[in-house]
Amino acid sequence: MSFFTKGNKTTKFSNGVETMLYDHILIRYGELSLKGKNRKKFIFQLHENVRTKLKQYPAVKIHNARDRMTIMLNGQAPDPILDACQSIFGIQSLSLAIKVENDENKIKEAALAALTDHKAGTTFKITTRRADKSFPIGSQEFNHVVGSHLLRNTEEYTVDVHHPDVEIHIDIRTQATYITSKRIKGAAGLPVGSAGKTALLLSGGIDSPVAGYLMMRRGVRLEVIHFHSPPFTSEAAKQKVIDLAKQLTYYGNQIKVHVVPFATLQQKIHKNIPHGYSMTVMRRMMLKISEKIAERENILSITTGESLGQVASQTMQSMHAINDVTNYPVLRPLVSMDKEEIIRIAKEIKTYDISIRPHEDCCTVFVPKAPKTKPKLDKVKYFESLINMEDDIQNMMNNIETIMLTEDSEANDFEALF
Amino acid sequence: MIYFDNSATTRPYANVLQSFQEVSQRYYGNPSSIHRFGFEAEKLLRKAHEQAASILNVEASEVVFTSGGTEGNNMAIKGIALAHQNKGKHIITTTIEHPSVLEACKSLEEIGFDVTYLPVDKTGIVNVDELEAALRDDTILVSVMHVNNEVGSIQPIEKIAKLIKHRKKTFFHVDHVQGFGKVPLTLIDSGIDLCTISGHKIHGLKGTGLLYIRNSVHLFSLFDGGAQQNNYRSGTENVAGIVSLVKAMRIINEKQKNNKNYLNELNKLMRKSLNDLPHIHFNTIENQAPHILNFSIPGYKPEVIIHALGERDIFISTKSACSSKKPDESAVLRAMDMSTEIAKSGLRVSFSYENTHEEVELFCRSLRKVTKQLSLVMG
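From first to last, the protein sequence lines are chains A and B. Residues in the first sequence are numbered consecutively from 1363, following our numbering. Residues in the second sequence are numbered consecutively from 3, following our numbering.
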């Protein structure tokens, strides 16, 4: 494994299991199974996402089947693969598996190995699924046959069908039998890229990366829009946004970041709009520009990290006044969430530590002392009509800096130094 | 020249020096400055944290860069002792630790801490049962080195960590200075709370090192000031040194992965070639750290052998400097219950991935000649 990959640390799944025993990882699709017509597309996207994620492990091979995917390890240690796959949306659960022929003795042997390697406890249960009906022994009977074999060959284990410490699944299929003893929860959701794109407004705060993450979980690919106001905001503030987007690539592989030079317009608003309304107008302009970018990039929605009632710009009246500039759906996945809930997710997806870096963002530079919490739309429109902002917007559109980030791209040019 | 004193220090890799120089010249801004130039240095520093963390498979926030092994050990031991003394004042360590551990413990004894120094057996390894028996309700820290610097004995860190993992009040510090890059050690989920690594033992520069501090472990900080490095260690960061350290860590880690058995081969070859030298006694038992071989040739003053070899441009060492009260015998060999004769005549050879089989053969021939010549005078 390259030393230059993500800083996300590997977690131990094995629980002391001698994992080299396992030669496969079984991936079970989540809601995919329900999606009838689109299923092919979803599976294709998931396959793509898994393949991209595991690019750095050339030995592993991925195979699709109707309701599951198999990763053949080919000697690769399973832990890093399990780790990587846990960040991929569209996977319901994963299991380390042993693949054997449909042969009673071989299955018994593998089940015994799976049990004794699994140091989780002393009670077990066998669950057999016999998809291959040509296999001579019925599921119920086979549970019994294998169970007895395990009891005969071990000392400390007993059977407990209700609350077993270890549940061994034997899945007899036409081509082969898979034996698994542990099910690891996947990230669920839908494969990123299967539900189109959204333009995420990323400020650098705690909320917007979480909003982006939740959209990706629904299968949406992100393009990030960031408003940059040098010299009022620093290079560090911009880097913070790039680092946040980079962290999000862990879940969505590639993310385009559009950095919009906002300072000129921001100053104009600050100078010409009554201070109580400047925040609302600024937000409206941000949304307007975002819509233009979305249109240019064939994106059909805009996502923000707004949560109802958090700050002045996020009251119902404010949302109404701001939303007025666009017909695009403005998605607000955090709208009903508490701050604690948002912070918990931010910590989980490791954006929190980046977000709390002490750099100002474009929204905090010209904060009016008393922004209107209940701006009136007609007043907003009246104030805006007094100044010409169209030229500035066009100018901004022409000067957008676009950065393409991928999970393995380097966010800076320091690589040679390490 | 044959340099076989790699446990004392190593020759910096050319790439390490190159990184140091480049960072010193191009990114000399202060990472705490808010201007863009300072920000560049901050970015580089953050990257260094991430890279070091990825090599150790820990979180970036768990890495604190230090000036080396002595600082790391002091920071860990005194830091835990002073921060947690209200929970207990008992510390357990071993008799064969590096002086930076032993002396830090002695200083703490002076201000009221109680320290248990566990003995080791004849092979230089501490007994886990004895350690378990020494644990008390007021034990706040156990500090055990991974690989001993004089004889290369490997301590049962995993077993000790397991003992301590479930104890809420007891922290576990590992001095990994000699082990890193040669003997693997897992940090994550292991029960290890603190781990010291030094740069100049792995072809990095002197004055560089790091301390792994498991997230949420609180230390009393020895350096107060501008709150750099999460307030664990104030002082403007040595960005060039830090980057060069991470480079050295990466290179040695790759060497370890790609040449798993190489040091062991050198070690075995030397052991085999010296086996029939009259009176030789190997103080390092087999299958210990691959890069260290300690042996005694009673009757010869080790300093004389060192100087005689030095005349032939061959460099090895005796015991680690200044670790014994009695100036002419090794405290570690004494702790292993060796006779005075053996303890007084210990010689240490320590390899790096840069050494060759030819050098080992040449060394063995030279040592034979030297002892033969000296035996005419001294024997």
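Note that CB positions come from ideal geometry on N, CA and C, so glycine has one too.
Beta carbon proximity, residue i to chain A, threshold 8 Å
i              : result
K249 (chain B) : yes
R370 (chain B) : no
R13 (chain B)  : no
R216 (chain B) : no
I307 (chain B) : no
I142 (chain B) : no
I36 (chain B)  : yes
Q231 (chain B) : no
S326 (chain B) : Reliability of the predicted coordinates at S326 (chain B) is poor, the pLDDT of 45 falling under 50, and no value is obtained from them.
S21 (chain B)  : yes
Q53 (chain B)  : yes
R314 (chain B) : no
Distance between residue j and residue i (C-alpha atoms, nearest Å)
i               : j               : result
A310 (chain B)  : H293 (chain B)  : 23 Å
S354 (chain B)  : I253 (chain B)  : 12 Å
K1709 (chain A) : Q1609 (chain A) : 12 Å
I113 (chain B)  : V179 (chain B)  : 27 Å
I1405 (chain A) : K1417 (chain A) : 18 Å
V117 (chain B)  : I127 (chain B)  : 19 Å
Y1744 (chain A) : K1738 (chain A) : 10 Å
I1661 (chain A) : A1625 (chain A) : 25 Å
F1728 (chain A) : E52 (chain B)   : 34 Å
P1733 (chain A) : M1647 (chain A) : 16 Å
Y119 (chain B)  : L104 (chain B)  : 9 Å
Y1540 (chain A) : K1461 (chain A) : 5 Å
G1423 (chain A) : L1388 (chain A) : Reading the sequence as shown, one finds Lys at residue 1423 (chain A) and not Gly. In a straight line, the C-alpha of K1423 (chain A) is about 12 Å away from that of L1388 (chain A).
G1551 (chain A) : D1533 (chain A) : 25 Å
E1463 (chain A) : E160 (chain B)  : 38 Å
T1642 (chain A) : C197 (chain B)  : 52 Å
S1596 (chain A) : A54 (chain B)   : 27 Å
E1657 (chain A) : L1627 (chain A) : 21 Å
T342 (chain B)  : I79 (chain B)   : 31 Å
Q1679 (chain A) : Q1454 (chain A) : 40 Å
T320 (chain B)  : S9 (chain B)    : 11 Å
G209 (chain B)  : G40 (chain B)   : 22 Å
G1369 (chain A) : I1443 (chain A) : Low per-residue confidence applies at G1369 (chain A): pLDDT is 36, beneath 50, and the placement is therefore not dependable, though the value from the model is reported in the following sentence. Cα to Cα, the separation comes out at about 15 Å.
A106 (chain B)  : E73 (chain B)   : 10 Å
L1474 (chain A) : L1512 (chain A) : 6 Å
L1408 (chain A) : Y1575 (chain A) : 17 Å
D1445 (chain A) : D191 (chain B)  : 15 Å
A396 (chain B)  : E152 (chain B)  : This structure does not reach residue 396 (chain B), given that chain B is present from 3 up to 381, and the question cannot be answered.
H281 (chain B)  : P300 (chain B)  : 7 Å
A50 (chain B)   : L247 (chain B)  : 9 Å
Chain-ordered neighbours of residue i on chain A, where CB pairs are closer than 7 Å
i              : result
F174 (chain B) : Chain A residues near F174 (chain B): none, gap ~18 Å exceeds 7 Å.
E239 (chain B) : Those within 7 Å of E239 (chain B) in chain A number zero; the least Cβ separation is about 15 Å.
E24 (chain B)  : L1779
S236 (chain B) : Those do not exist, as S236 (chain B) stays about 17 Å from chain A at its closest Cβ, beyond 7 Å.
Cβ of residue i within 8 Å of any chain B Cβ
i               : result
F1780 (chain A) : yes
D1441 (chain A) : no
Q1601 (chain A) : yes
D1715 (chain A) : yes
K1371 (chain A) : Caution applies to K1371 (chain A), whose pLDDT of 39 falls short of 50 and renders its modelled position unreliable; the value that the coordinates give is listed next. Interface residue, yes.
Contacts of residue i in chain B (Cβ-Cβ under 7 Å)
i               : result
A1598 (chain A) : F41
F1776 (chain A) : L46 and K49
Interface residues of chain A facing residue i [CB-CB closer than 9 Å]
i              : result
V245 (chain B) : F1776, L1779 and F1780
S109 (chain B) : Residues of chain A passing the Cβ test: none, with the nearest at roughly 34 Å.
S63 (chain B)  : D1715
R273 (chain B) : Per Cβ cutoff of 9 Å: no residues; R273 (chain B) is ~31 Å from chain A at best.
**Message:** For the pair the segment 1513 to 1531 of chain A and the segment 1542 to 1554 of chain A, tell me if three or more CB-CB distances fall below 8 Å.
**Reply:** yes
**Message:** Which runs of the alpha helix (DSSP H) at least 4 residues long sit entirely within the segment 93 to 142 of chain B? Give them in chain order.
**Reply:** 101 to 112 and 130 to 136
**Entirely enclosed beta strand (DSSP E) segments - the segment 1515 to 1566 of chain A, minimum 3 residues** = 1528 to 1534, 1539 to 1542, 1546 to 1550 and 1559 to 1563
**Ordered list of beta strand (DSSP E) runs contained in the segment 1410 to 1441 of chain A, each at least 3 residues** = 1423 to 1426 and 1430 to 1434
**Message:** Suppose only complete runs of 3+ residues qualify. What are the beta strand (DSSP E) ranges in the segment 163 to 192 of chain B, listed by chain order?
**Reply:** 173 to 177
**Prompt:** Considering only residues of the segment 1629 to 1696 of chain A, which uninterrupted alpha helix (DSSP H) runs meet the minimum length of 4 residues and lie entirely inside it, listed in chain order?
**Reply:** 1637 to 1658 and 1678 to 1685
**Asked** Which runs of the alpha helix (DSSP H), 4 residues or longer, sit entirely within the segment 28 to 58 of chain B?
**Response** 38 to 58
**Prompt:** Unbroken alpha helix (DSSP H) runs of length 4 or more, entirely within the segment 1594 to 1631 of chain A: which are they?
**Reply:** 1597 to 1614
**Prompt:** Any contact of the segment 1763 to 1773 of chain A with the segment 1698 to 1717 of chain A, i.e. 3+ C-beta pairs under 8 Å?
**Reply:** no
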